[in-house]
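Enquirer: Take this structure, written in structure tokens, and hold onto it; I'll ask about it next.
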Amino acid sequence: MNKIYFTLLSLLLYCVLTSWGFYAHKKINETSIYLLPSELALYYKQNIKLIREKAVDADKRCYVDSLEPVKHYIDIDKIEDTIDSIPIHWSKAKEKYTERKLLAQGIIPWQISRSYHILVEAFKNRDSEKIIRYSADLGHYVADAHVPLHTTSNYNGQYTNQIGIHAFWETRLPEMFASQYNLIIGPAIYIPSPLDKAWEVVKTSNSLVDSVLSIEKNLSKKFKQTDIKSYIERNNQLTLNYSDSYATAYHNALNGMVERRFRASIHTVASLWYSAWVDAGQPKLTNLKTSSELKSKGIEKPTATKSLGREEWH
Ligand SMILES: [Zn+2]
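Residue numbering for the sequence shown follows my numbering, beginning at 1 and increasing consecutively.
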């Protein structure tokens, strides 16, 4: 019984703790608020708790909606040898590869554009519930797109004998080091084409995949196998994870990459929220539906124990 419980719990935790990890997603959404112009910032600050907590609803949906997981990544290498050969627009890409293939390889840049346009509509309708929900979701997908391993089929190092690197880069490292990151970031800017921006983010992420993998591979050769992983306490449980010294060495060897992607995530999230508001005609954000109505409607806890999408490989 204990064993079954433990297996279910680790599966649940493992999926839940993917894509920047819960801590990082919440921090990214929360920090983005401070980059907004004052009128918009005031509204988001009033709803800061929901914007923060709902940053991870998109990951929770992976348990209940089989269409959700593909929105979080794109396996560029499974679509084309060179990223620039992929048509930016969904209709053109669909024509070239078929919708079925794209849905198999991930659709994150198009999802960002879709979430953006839904948010513009929510602003136009001055619907507070939807503004919050779609802002949080957009923040999630944008942040995921900044993670290099969300743009490759070797997303967990499974083809290069580096299984575990996915959560190592995007969860363990930010949890250890994000408190030291410089989160003073310039103000949000207007982004004329969210789709172009989404592709720019994905291209930069994809260009970093080789470094993420090769730096860890080289580092692992300098460490004794027994020093790479150790039992650490996490959520009041002892789990086998990358050791503090190995994580520190990897973080140093990446030379600021995680911090740069973290900061870039925040700037892009804030800029897209701001742009959506501008595209909606800068509606007044007073006397909207109160956010307290949302509390009972959130995704509280996944009831399923297994993600319907890809599982990380331990
Ligand atoms: Zn995600």
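Ideal placement from N, C-alpha and C gives every residue a C-beta, glycine not left out.
Should residue 54 and residue 133 be called a contact, given that it needs their Cβ atoms to be closer than 9 Å?
Expert: Residue 54 sits at position 54 when you count from the first residue of the sequence shown. Residue 133 sits at position 133 when you count from the first residue of the sequence shown. It is a contact, given that the beta carbons lie within the stated cut-off.
Enquirer: Go ahead and label residue 172 buried or exposed: buried means 16 or more other beta carbons lie within 10 angstroms of its beta carbon, across all protein chains shown.
Expert: By 1-based counting over the sequence shown, the position of residue 172 is 172. Answer is buried; the Cβ neighbour count reaches 16.
Enquirer: What do you get for residue 244, buried or exposed, if any count of 16 or more other CB atoms within 10 angstroms of its CB means buried?
Expert: For this step, residue 244 is matched to residue 244 along the sequence shown. It counts as exposed.
Enquirer: Ligand 1 and residue 141: does any heavy atom of the ligand fall closer than 8 Å to the residue's C-beta?
Expert: Residue mapping note: residue 141 aligns to position 141 of the sequence shown, counting from 1. For ligand 1, at least one heavy atom lies less than 8 Å from the Cβ of residue 141.
Enquirer: Would you give the residue range spanned by the alpha helix (DSSP H) that residue 263 belongs to?
Expert: Residue mapping note: residue 263 aligns to position 263 of the sequence shown, counting from 1. Unbroken alpha helix (DSSP H) run through residue 263: 257-279.
Enquirer: Below 8 Å on the Cβ atoms is my contact criterion, and I expect residue 326 with residue 194 to pass it. Report the Cβ-Cβ distance as a whole number of Å.
Expert: No statement about residue 326 is possible, as the shown extent of the chain runs from 1 to 314 and does not include it.
Enquirer: Counting only the same chain and skipping the five closest in sequence on each side, list residues whose C-beta sits under 7 Å from that of residue 240.
Expert: For the purposes of this step, residue 240 is taken as the residue at position 240 of the sequence shown. Correct list, in chain order: 229, 231.
Enquirer: Identify whether residue 111 lies in helix, strand or coil by the three-state DSSP scheme.
Expert: Reading the sequence shown from its first residue, position 111 is the one you call residue 111. In this structure, residue 111 counts as helix in the three-state DSSP scheme.
Enquirer: Using CA atoms only, rank isn't needed, just tell me which of 126, 187, 258 is closest to residue 177.
Expert: For the purposes of this step, residue 177 is taken as residue 177 along the sequence shown, with counting starting at 1. Of 126, 187, 258, the residue nearest in Cα terms is 258.
Enquirer: In this structure, how does DSSP classify residue 323 when only helix, strand and coil are distinguished?
Expert: There is no way to answer for residue 323, as the model of the chain reaches only from 1 to 314.
Enquirer: If you draw a straight line from the alpha carbon of residue 146 to that of residue 269, how long is it in whole angstroms?
Expert: Residue numbering aside, residue 146 sits at position 146 when the sequence shown is read from its first letter. Residue numbering aside, residue 269 sits at position 269 when the sequence shown is read from its first letter. Computed Cα separation, rounded: 11 Å.
Enquirer: Are there any heavy atoms of ligand 1 lying less than 8 Å away from the beta-carbon of residue 75, as far as the coordinates show?
Expert: By one-based count along the sequence shown, residue 75 stands at place 75. No, the Cβ of residue 75 stays beyond 8 Å of every heavy atom of ligand 1.
Enquirer: With a threshold of 9 Å between beta-carbons, can residue 106 be considered close to chain D, or not?
Expert: Structure shown: chain D not included; a single protein chain is present.
Enquirer: Are the Cβ atoms of residue 108 and residue 198 separated by less than 9 Å?
Expert: Here the question's residue 108 lines up with position 108 in the sequence shown. Here the question's residue 198 lines up with position 198 in the sequence shown. In contact: residue 108 and residue 198 (Cβ atoms closer than 9 Å).
Enquirer: Does the structure place the region 97-105 close enough to the region 211-226 that three or more beta carbon pairs sit under 8 Å?
Expert: Taking 8 Å as the limit for Cβ pairs, the verdict is that the region 97-105 does not touch the region 211-226.
Enquirer: When DSSP labels each residue in this structure, what does residue 63 get in the three-state scheme?
Expert: For the purposes of this step, residue 63 is identified with residue 63 of the sequence shown, where counting begins at 1. The answer is coil: DSSP assigns residue 63 none of H, G, I, E or B.
Enquirer: Along the alpha helix (DSSP H) that carries residue 242, what are the first and last residues, could you check?
Expert: Here residue 242 corresponds to residue number 242 of the sequence shown, with the count starting at 1. Unbroken run through residue 242 is the beta strand (DSSP E), 237-242; no alpha helix (DSSP H).
Enquirer: Mind checking whether residue 50 and residue 136 have CB atoms under 9 Å apart?
Expert: Translated into the one-based positions of the sequence shown, residue 50 becomes position 50. Translated into the one-based positions of the sequence shown, residue 136 becomes position 136. Yes. Within cutoff.
Enquirer: Assuming the contact rule is C-beta atoms closer than 8 Å, residue 285 and residue 138 should be a hit. Round their C-beta distance to whole Å, please.
Expert: To locate residue 285, count along the sequence shown from 1; it is residue 285. To locate residue 138, count along the sequence shown from 1; it is residue 138. Contact doesn't hold; Cβ gap of about 17 Å is too wide.
Enquirer: Could you give the distance in angstroms between the alpha-carbon of residue 291 and the alpha-carbon of residue 235?
Expert: Here the question's residue 291 lines up with position 291 in the sequence shown. Here the question's residue 235 lines up with position 235 in the sequence shown. For residue 291, the predicted structure reports a pLDDT of 46, less than 50, and the residue's modelled location is therefore unreliable. A value from the coordinates is still provided. Each residue's alpha carbon lies about 30 Å from the other.
Enquirer: Given a threshold of 16 other Cβ atoms within 10 Å of its Cβ, counted over all protein chains shown, does residue 327 qualify as buried or as exposed?
Expert: With the chain represented from 1 up to 314, any question about residue 327 goes unanswered, as that position is not in the structure.
Enquirer: Of the choices 45, 219, 89, 75, whose alpha-carbon is the least far from that of residue 155?
Expert: Along the sequence shown, one-based indexing puts residue 155 at 155. The residue with the shortest Cα to Cα distance from residue 155 is 75.
Enquirer: Let's test the definition: count the other Cβ atoms within 10 Å of the Cβ of residue 180 and tell me whether it reaches 16, buried, or not, exposed.
Expert: Position 180 of the sequence shown, counted from the first residue, corresponds to residue 180. By the neighbour-count rule (16 or more Cβ atoms within 10 Å), residue 180 is not buried but exposed.
Enquirer: Is DSSP giving residue 159 helix, strand or coil here?
Expert: Residue numbering aside, residue 159 sits at position 159 when the sequence shown is read from its first letter. Residue 159 falls in the coil class under three-state DSSP.
Enquirer: Take the Cβ of residue 91 as the centre, count every other Cβ of all protein chains shown within 10 Å, and call the residue buried at 16 or more, exposed below.
Expert: The sequence position of residue 91 within the sequence shown is 91, counting from 1. Under this definition residue 91 is an exposed residue.
Enquirer: Extract the residue ranges of the alpha helix (DSSP H) inside the region 62-148, only unbroken runs of 4 or more that lie entirely within it.
Expert: Counting whole runs of 4 or more residues, the region 62-148 contains the alpha helix (DSSP H) stretches 76-79, 90-97, 99-105, 108-124, 128-145.
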